[in-house]
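S.K.: A single structure is presented below for examination.
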Amino acid sequence: AQRVTQPEKLLSVFKGAPVELKCNYSYSGSPELFWYVQYSRQRLQLLLRHISRESIKGFTADLNKGETSFHLKKPFAQEEDSAMYYCALRGSGNTPLVFGKGTRLSVIA
Amino acid sequence: SQTIHQWPATLVQPVGSPLSLECTVEGTSNPNLYWYRQAAGRGLQLLFYSVGIGQISSEVPQNLSASRPQDRQFILSSKKLLLSDSGFYLCAWSLGLAGADTQYFGPGTRLTVL
């Protein structure tokens with residue numbers, strides 16, 4: 043079974059501090075992992091995906107198959123990073139994404 | 018460019034009443050379509066998805082149903098709403114490609130069942 047766990051419901055950090063949003067997954071095959079973000083009054087949208095190995099808005103995420111994790115990191119948090127973040131997994135074939143329960147990030151000035 | 022629409026934006030319905038939420042996609046053909054419910058503390062729960070007209074997969078057994086009467090139209094329905102059906106309903110689409118298949122979300126419908 044596919045499962046995504048985000049252990050933190052709410053994470054508060056000060057502006058300029060590093061931030062790490064945790065995501066662990068359960069899947070027997072080779073998954074595709076994503077981070078989606080929902081800013082206030084905006085649509086849920088893709089932030090980044092592991093296969094692209096990209097940095098978006100200063101955020102990066104590395105897939106660690108040994109620890110089955112895909113934590114989202116940013117060295118210096120900004121107030122505009124405050125949002126709801128969802129980690130998502132896609133298994134093999136044409137299957138839908140499975141989302142975690144989300145973590146609300148609050149960046150305090 | 019592709020766009021996805023949902024309506025209504027908000028809805029207040031009494032318990033036991035029927036429900037119909039509509040989602041349409043423009044600018045693409047044969048998309049995969051999805052219905053999610055976003056509830057506080059429960060995250061994003063996949064309800065239904067469709068890979069083609071008339072093809073519906075149900076992820077969570079409940080009193081909701083979905084239909085896809087046209088290629089780019091996805092409808093979420095209920096014959097009798099329950100209090101527990103309250104939530105924020107999101108429609109999404111994707112191209113259904115293996116690999117980096119991105120899902121694009123609509124603006125959502127806020128449903129309150131009283």
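Residue numbers (our numbering), protein chains in the order written: chain A, 43 to 151; chain B, 18 to 131. We put the CB at the ideal spot given by N, CA and C, even for glycine.
Please determine, among 26/B, 31/B and 40/B, the residue with the shortest C-alpha to C-alpha distance to residue 131/B.
M.R.: As a working note, residue 131/B is residue 114 in the second sequence. If we check each option's Cα against that of residue 131/B, 31/B comes out closest.
S.K.: Helix, strand or coil: which one does DSSP assign to residue 73/B?
M.R.: Walking along the second sequence from the start, residue 73/B turns up at place 56. Strand, per DSSP.
S.K.: Helix, strand or coil for residue 1/B, going by three-state DSSP, please let me know.
M.R.: Summary: the structure shown does not reach residue 1/B, with chain B confined to residues 18 through 131, and so no result is reported for it.
S.K.: So what's residue 22/B in DSSP terms, helix, strand or just coil?
M.R.: For this step, residue 22/B is matched to residue 5 along the second sequence. Residue state, collapsed to three classes: strand.
S.K.: Under the rule that 16 or more other beta-carbon atoms within 10 Å means buried, what is residue 9/B, buried or exposed?
M.R.: Coverage of chain B is limited to positions 18 through 131, which leaves residue 9/B absent and any answer about it impossible.
S.K.: Could you name the residues of chain B that residue 142/A contacts, counting a contact when the two beta carbons are closer than 9 Å?
M.R.: Here the question's residue 142/A lines up with position 100 in the first sequence. In chain order: 60 and 61.
S.K.: If you follow the beta strand (DSSP E) that residue 32/B is part of, which residue opens it and which one closes it?
M.R.: The residue labelled residue 32/B in the question sits at position 15 within the second sequence. First-last for residue 32/B: undefined, no H or E at that position.
S.K.: Where do the N-terminal and C-terminal ends of the beta strand (DSSP E) with residue 130/A fall, by residue?
M.R.: Stepping through the first sequence from its first residue, residue 130/A is reached at position 88. That run of the beta strand (DSSP E) goes 125-132.
S.K.: Return the chain-ordered ranges of every beta strand (DSSP E) run that is complete within the segment 64-139 of chain A and spans a minimum of 3 residues.
M.R.: Within the segment 64-139 of chain A, the complete beta strand (DSSP E) runs of at least 3 residues are 66-68, 74-80, 87-91, 114-116 and 125-132.
S.K.: Name the residue from 128/B, 124/B, 129/B and 51/B whose alpha carbon lies nearest to the alpha carbon of residue 91/B.
M.R.: One-based indexing of the second sequence puts residue 91/B at position 74. For the residues 128/B, 124/B, 129/B and 51/B, the minimum Cα distance to residue 91/B belongs to 51/B.
S.K.: Here's the rule I'm using: 16 or more other beta-carbon atoms within 10 Å means buried, otherwise exposed. How should residue 106/A be labelled?
M.R.: By one-based count along the first sequence, residue 106/A stands at place 64. So residue 106/A ends up on the exposed side.
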